[in-house]
Amino acid sequence: MSEMQFLTWVRGPGLDMAIGIFLLGVIWRLFEIYSLGRKKDLSAPRVVAGASGMHTVFRRSLPAPGMMKLAPVTYIGGYVFHIGLAIVVFLFAPHIKLIQSLLGISWPGLPSQVVDLVTVVTIAAMLVVLADRINRPVKRYLSTFQDWFTWTLTFLPLLTGWMAVRHMVFPYTTMLALHILSVELLLVFLPFTKLFHAFTAFGSRWYSGTVNGHKGVAV
Amino acid sequence: MSASLEKGVRVLKEMIDAPIASYFSSCVHCGLCAEACLFYTETGDPKYTPIHKLEPMRRLYEQEYTVIGRLKKLIGLSKAVTDAELDEWRELAYNSCTLCGRCSVVCPVGNDIVYMVRKFREGISASGNAPEGLKGAVTRTVNIGSPMGIKLPAVKAQMKHVEADYGLPIPLDMEGAEYLVMLSSMEIINFPEYLGAIAKIMNQAGKTWTLSSTSFEATNAGMQIGNSDLARVIVSRIVEGAERLKVKTVISPECGHAFTALRWEGPNLVGRPFGFEVKHIIEVLGEFQKQGLLKTEGFETDRLTFHDPCQLARRGGVIQQQRDLMNMVAKNFVEMPDAGFMNWCCGGGGGASAIEEGEELRIEAFKKKKSQLETVKPDRLVTACANCRIVMEEGLEHYKMDIPIVGLTEMLAEHIPDPEPVKSEGA
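Chain order of the listed sequences is Z and F. To convert, take the position in the first sequence, counting from 1, and add 200; that gives my numbering. To convert, take the position in the second sequence, counting from 1, and add 3; that gives my numbering.
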């Protein structure tokens, strides 16, 4: 397979398959989880302003009182890498073009130098949280194969994308193909690994906020 | 697979609902819940990470409720839950978890870990692997009527003493009273001044109240061990007592988990909403204060701090009332770091204090409370849970800290002018 054939495949059938598995996987997993339902709470609710599922969906994006100083690397590393990832994925002009070709919607992007800088910062943050996972006894203790695997799945698109733009190591065509392939792997595995928190974190926060909000506790 | 394990696994499977599935699917192993757990912070042992305390349940969820998990099980890639494993997890799900709920409020993906531990215990309990201390407490509550084996004559004896000491009647089985006052074993045996305080407060407020001869015990070891069938038996006594006496409100005593068992789990255990209200005594006192029915004289002048019982504050939504009540009678009330919503557990909640073999760990975990207390250096410590009080008294004694502990209700009552005729000073 030549470089061009490789690129054509990842852009064509490869992408279609990855998106197909991703969409079906997401729908299946959401069904598998939320169709389990839950029992109605028969206790009389205590109604308090600010205590609800929706409040918790937003509020839980901020650290609980006193927590930042206990785990600054987890919090700051986590913020930087999540926000950085969102910027790189959704505000890089070529990505917006791809989305436009698939969905027909678009929005303004950021200058490529800015995205380049954000990418470097995000890569650095990911390396920091990886180091923290290796060094911090609790994180190392909790870590299974999936934790290392999903870190890699998330890291590779960032790295290959950045290298492709900078024309590093391989010719642009090859690097771009590798970049797209890495994104496809990410899409395929996302619904079936802890990466699925990208969807369920909102449901979990909502349940938590609802169950505790019923007791008049704004969590 | 043994019959008991089979039962445990079946019960555990039934416990898994959409919130639990969502929680397990969301965990990213960030480890923040460990930082919120006093059993981890005080020992540094990562096995006490809250989400890890649920590992057998997580695996069962994956194996039974996800396609990937079923596939893994089919080709032998995931191992089944065993008796030995549940035996090992007893320490993690009981001794080192007080259901305090700090982990639940820090989890960035929103996992209510305590919600899961409470349900995990149902499975462990059904498999026969619950701690002996709790098994004994449940058996005594179901068979005798209280976890400490206290029967009605003991309550009547205390009623007599209190009536003599306070010069106020302690009504028993008074139909149509506004309030049914519940007690905890601890109060009956160790802190009878609670009953005296209630008599004074109700007398001043002009409210009718009563004890019940069939349901005086509020604590619910069935909930703590994780046996909903027995928890239902225990809570049903209170429901029947309240309905028989036609009271408007049942008052949960100064006990955290009794409040949770009655107020939040109660209707769900018996399967229907209650026809009466359930309030913690601190909520009732807060209402009396707002309505001007609680009139106190004088102030405590020594340095006081307040320990929030987890089930009252973080898990129960009563956070401000105790502070307003403290300020009513205390000139020098100081807050501990993390007080209120984020308060640290005494180390013995959720049934942990009934587990003998967990004592060493409890004392270790108490170092958190110790450091909180060392920051504010109070002369006395006030709380509103008899169990917190006993656990903290043990901890303070172990670390040779001379800080007396007092119940908020009884402290307030000391500032209520004595009624006539006064036979002796209130305790």
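Where a beta carbon is used, it is the ideal one built from N, C-alpha and C, also for glycine.
query = How many angstroms separate the CA atom of I296(Z) from the CA atom of G250(Z)?
reply = 36 Å
ask   = If you follow the beta strand (DSSP E) that F309(F) is part of, which residue opens it and which one closes it?
value = 307 to 310
task = Kindly say whether L77(F), judged by its beta-carbon, lies nearer than 9 Å to any beta-carbon of chain Z.
result = no
inquiry  = Please list, in chain order, the residues of the segment 233 to 246 of chain F that have any C-beta partner in chain Z closer than 9 Å.
reply    = none
key: Start-to-end residues for the beta strand (DSSP E) that takes in I147(F)   = Where I147(F) is concerned, there is no enclosing beta strand (DSSP E), given that its DSSP letter is neither H nor E.
request  = Verify the CB distance criterion: does A286(Z) have a CB-CB separation below 9 Å to chain F?
outcome  = no
query = CA-CA distance, G398(F) and F369(F)?
reply = 6 Å
request  = Check whether the segment 84 to 104 of chain F touches the segment 334 to 344 of chain F, counting contact only when three or more Cβ pairs, one atom from each stretch, lie closer than 8 Å.
outcome  = no
task = Look at the alpha carbon of V321(F) and the alpha carbon of Y341(Z), and state the distance between them as a whole number of angstroms.
result = 36 Å
query = Are any of the Cβ atoms in chain F nearer than 9 Å to that of V226(Z)?
reply = no
Proximity test, Cβ basis, 9 Å: R13(F) and chain Z = no
message = Pairs of beta-carbons, one from the segment 23 to 41 of chain F and one from the segment 334 to 353 of chain Z, closer than 8 Å: are there three or more?
response = yes
ask   = What residues match up with G410(F) in a beta bridge as DSSP calls it?
value = T386(F)
ask   = So does A208(F) have its beta carbon nearer than 8 Å to some heavy atom of the ligand FMN?
value = Inclusion of the ligand FMN in the displayed structure is not the case, the ligand content being empty and no account of it being possible.
task = Using a Cβ-Cβ cut-off of 9 Å, state whether P263(Z) counts as contacting chain F.
result = yes
ask   = Considering only residues of the segment 305 to 349 of chain F, which uninterrupted alpha helix (DSSP H) runs meet the minimum length of 4 residues and lie entirely inside it, listed in chain order?
value = 324 to 332
Chain-order list of residues whose beta-carbon lies under 7 Å from that of R62(F) (same chain, five-residue window excluded) = S81, V84
request  = Pick out the complete beta strand (DSSP E) segments inside the segment 176 to 256 of chain F, 3 residues or longer, and give them in chain order.
outcome  = 182 to 184, 252 to 255
First and last residue of the uninterrupted alpha helix (DSSP H) at K282(F) = Segment 280 to 283 is the beta strand (DSSP E) holding K282(F); no alpha helix (DSSP H) there.
message = Just list the residues that DSSP pairs E65(F) with in beta bridges.
response = Looking at the DSSP assignment, E65(F) forms no beta bridge with any residue, so it has no partner.
query = Would you say Y372(Z) faces chain F, with C-beta separation under 9 Å as the test?
reply = no
ask   = Where does L80(F) fall in DSSP's three states?
value = coil
query = What does A401(Z) reach in chain F if we use C-beta pairs closer than 7 Å?
reply = S29, V112, G113
ask   = Taking the DSSP output, what are the residues bridged to E303(F)?
value = A333(F)
request  = Within 10 angstroms of the Cβ of L262(Z), are there 16 or more other Cβ atoms? Answer buried if so, exposed if not.
outcome  = exposed
query = Nearest to D311(F) by CA position, among M185(F), T217(F), V109(F), M395(F), is which residue?
reply = M395(F)
message = Quick check on F369(F): does DSSP put it in helix, strand or coil?
response = coil
ask   = Is the segment 213 to 224 of chain F in contact with the segment 156 to 174 of chain F, if contact means three or more CB pairs nearer than 8 Å?
value = yes
task = State the Cα-Cα distance for the pair F123(F) and D90(F), rounded to the nearest angstrom.
result = 13 Å
Inter-residue Cα distance where the pair is R73(F) and S404(Z) = 23 Å
message = Along the segment 247 to 275 of chain Z, where does the CB come closer than 7 Å to a CB of chain F? Name the residues.
response = V248, T256, R260, A264, P265, G266, M267, L270, A271, T274
query = Mind checking whether T144(F) and A261(F) have CB atoms under 9 Å apart?
reply = no
ask   = With 9 Å set as the bound, which would you pick, yes or no: does the beta-carbon of L376(F) sit closer than that to a beta-carbon of chain Z?
value = no
ask   = What are the boundary residues of the alpha helix (DSSP H) that V247(Z) is part of?
value = Taken as a continuous stretch (DSSP letters only), V247(Z) belongs to no alpha helix (DSSP H), as it is neither H nor E.
query = At a Cβ threshold of 9 Å, is F343(Z) touching chain F?
reply = For clarity, residue 343(Z) is Ser in the given sequence; the question names Phe instead. Chain F, which has a Cβ nearer than 9 Å to the Cβ of S343(Z), makes this yes.
message = Under DSSP, the alpha helix (DSSP H) around F370(Z) begins and ends at which residues?
response = Here F370(Z) belongs to no alpha helix (DSSP H), and DSSP marks it neither H nor E.
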